[in-house]
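Below: one structure, written as structure tokens.
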């Protein structure tokens, strides 16, 4: 049973097509990495999966809920998608922590306000989640006082606090200084190991190679190639994949 | 220069009575303006076209017509439509509506100045639009627009001086009354100016206090 099932997803910005018939499935407990050149539509795909980005057509089912369009092509009411988002965790490139709340309050906000669960229980869970991402000692810190890597780890804890069935990661290390990337990837590796279902849009080929069960290469709004990381990253079948990996893994000499 | 110290002091009790009326009008209208402005600002960003258009229409009308004209229209114009309002009601209505129009645009600008990622993050956690607005966007937006909203409150306080034209015994009216009786302009108006100034001070203090309490972020 797939946690994410996408069939023939089309999306355009104005007249520019961004997704041109994407098919995708992610099984429970699977970690799938999506790679591809910028502008290939991989980030847009992620935003469509929780209904934050509207799309023209296609069947998208995430955590058992139709997103965007129903079976007969009827528009899914916003209220229904809001409800579905409780079970779809997403972490953004720009963290988007709530700056007027402490790290702990950020993590507690949705379980208390959306799920109406008792504060005391939620607080205990939130502290445990902060400990899980290595930030138990920063519970009372405000986002402005945290490094980018710390903010992103709080953002992961905040998404996990809703106990989602699936976690979506949207280039979560792209806005980080290089030395802070590792701490965020380590948290994600731990999640993958614990059996979380994850769809990860990333430029980190090392992470894709080690942590992914499957790698998907996207280009021009389509899935070009997919398979185990050793195959897609090691022995790519498609010319476009080879060309992309060539650019990413063996960049031409960079002038200083 | 015809300043007379004794006349200045003797006029103070009468001025104080006028000031009480001014303070009452200002307080009620500031509260009314804040409520209207908050509702108006939310209507402007609601994404509901009809609500937005209605709010924009009201704002354009109320900002485009001088407050004095709005007040006179309500006072002299509405009775001919069969709606007879008390002078004080007219004053509060005109002041609140005009202030609400300005606050609407301040609140709208404040909400739109908050990074869109905040709304996205809130919605992605399963919050509905209203909950995300109330818990995440508005607290940040209102913090940011506190200084201009304080400005509007001070402007409103001073604009209450216009109510003397519809025969409300406010602070300015008390001053002009004394001037007429005593044939002396300078002494009572020194008191009038001083009292307006003194009434703005609590507002300045309140805004400064709220700003420092909400400084986080």
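Residue numbers (UniProt numbering), protein chains in the order written: chain A, 1 to 256; chain B, 1 to 217. A virtual CB, placed ideally from N, CA and C, is assigned to each residue, including glycine.
Which residues DSSP lists as bridging residue i, in chain order
i                     : result
residue 91 (chain A)  : A:169
residue 128 (chain B) : DSSP, once it has assigned bridges, lists no residue as partnering residue 128 (chain B).
residue 227 (chain A) : A:215
residue 198 (chain A) : A:31 and A:167
residue 57 (chain A)  : A:10
residue 75 (chain A)  : A:69
residue 222 (chain A) : A:219
residue 62 (chain A)  : A:4 and A:65
Residue i to residue j span [Cα, whole Å]
i                     : j                     : result
residue 129 (chain B) : residue 210 (chain B) : 26 Å
residue 123 (chain B) : residue 131 (chain B) : 9 Å
residue 7 (chain A)   : residue 140 (chain B) : 39 Å
residue 125 (chain A) : residue 161 (chain A) : 7 Å
residue 98 (chain B)  : residue 171 (chain B) : 21 Å
residue 165 (chain B) : residue 184 (chain B) : 21 Å
residue 165 (chain A) : residue 38 (chain B)  : 37 Å
residue 219 (chain A) : residue 144 (chain A) : 36 Å
residue 253 (chain A) : residue 244 (chain A) : Its pLDDT being 47, under 50, residue 253 (chain A) is placed unreliably in this model, and the value from its coordinates should be taken loosely. Their Cα atoms are separated by approximately 16 Å.
residue 48 (chain A)  : residue 40 (chain A)  : 14 Å
residue 88 (chain A)  : residue 137 (chain A) : 27 Å
residue 118 (chain B) : residue 111 (chain B) : 11 Å
residue 15 (chain A)  : residue 56 (chain A)  : 12 Å
residue 33 (chain A)  : residue 123 (chain A) : 32 Å
residue 217 (chain B) : residue 155 (chain B) : Low confidence applies to residue 217 (chain B): its pLDDT is 48, below 50, so where it sits in the model is not reliable, and the reading given next is rough at best. So the alpha carbons of these two residues sit roughly 28 Å apart.
residue 112 (chain A) : residue 163 (chain A) : 13 Å
residue 22 (chain A)  : residue 42 (chain A)  : 10 Å
residue 226 (chain A) : residue 72 (chain A)  : 29 Å
residue 51 (chain B)  : residue 113 (chain B) : 20 Å
residue 223 (chain A) : residue 217 (chain A) : 6 Å
Delimiting residues of the alpha helix (DSSP H) encompassing residue i
i                     : result
residue 51 (chain A)  : No alpha helix (DSSP H) contains residue 51 (chain A), which DSSP labels as neither H nor E.
residue 185 (chain A) : 178-193
residue 93 (chain B)  : 87-113
residue 29 (chain B)  : 5-45
residue 177 (chain B) : 171-182
residue 196 (chain B) : 186-213
residue 246 (chain A) : 239-249
residue 131 (chain A) : 119-132
residue 71 (chain B)  : 67-72
residue 60 (chain B)  : 49-64
residue 106 (chain A) : 103-113
residue 159 (chain A) : 148-160
N-terminal and C-terminal residue of the beta strand (DSSP E) that residue i is part of
i                   : result
residue 2 (chain A) : 2-13
Counted within 10 angstroms of its Cβ, other Cβ atoms place residue i as buried (16 or more) or exposed
i                     : result
residue 44 (chain A)  : buried
residue 194 (chain A) : exposed
residue 152 (chain A) : buried
residue 76 (chain B)  : exposed
residue 199 (chain A) : buried
residue 13 (chain A)  : exposed
residue 2 (chain B)   : exposed
residue 29 (chain B)  : buried
residue 41 (chain B)  : buried
residue 57 (chain B)  : exposed
residue 204 (chain A) : buried
residue 210 (chain A) : exposed
residue 212 (chain B) : exposed
residue 11 (chain A)  : buried
residue 179 (chain A) : exposed
residue 170 (chain A) : buried
residue 259 (chain A) : Residue numbering for chain A in the displayed model covers 1 to 256; residue 259 (chain A) lies beyond these limits and cannot be assessed.
residue 176 (chain A) : buried
residue 30 (chain A)  : buried
residue 48 (chain B)  : exposed
residue 81 (chain B)  : exposed
*Interface positions of the region 92-121 of chain B facing chain A (Cβ-Cβ less than 7 Å), listed along the chain*: 117, 118, 120 and 121
*Closer than 7 Å, Cβ to Cβ, to anything on chain B: give me those residues from the region 54-82 of chain A, in chain order.*
82
*Using a Cβ-Cβ cut-off of less than 7 Å, list which residues of the region 124-140 of chain B approach chain A; keep chain order.*
124, 125, 126, 127, 128, 131, 135, 136, 139 and 140
*Relative to chain B, which residues along the region 101-113 of chain A have a C-beta separation below 8 Å, given in chain order?*
Answer set for the region 101-113 of chain A: 109, 110 and 113.
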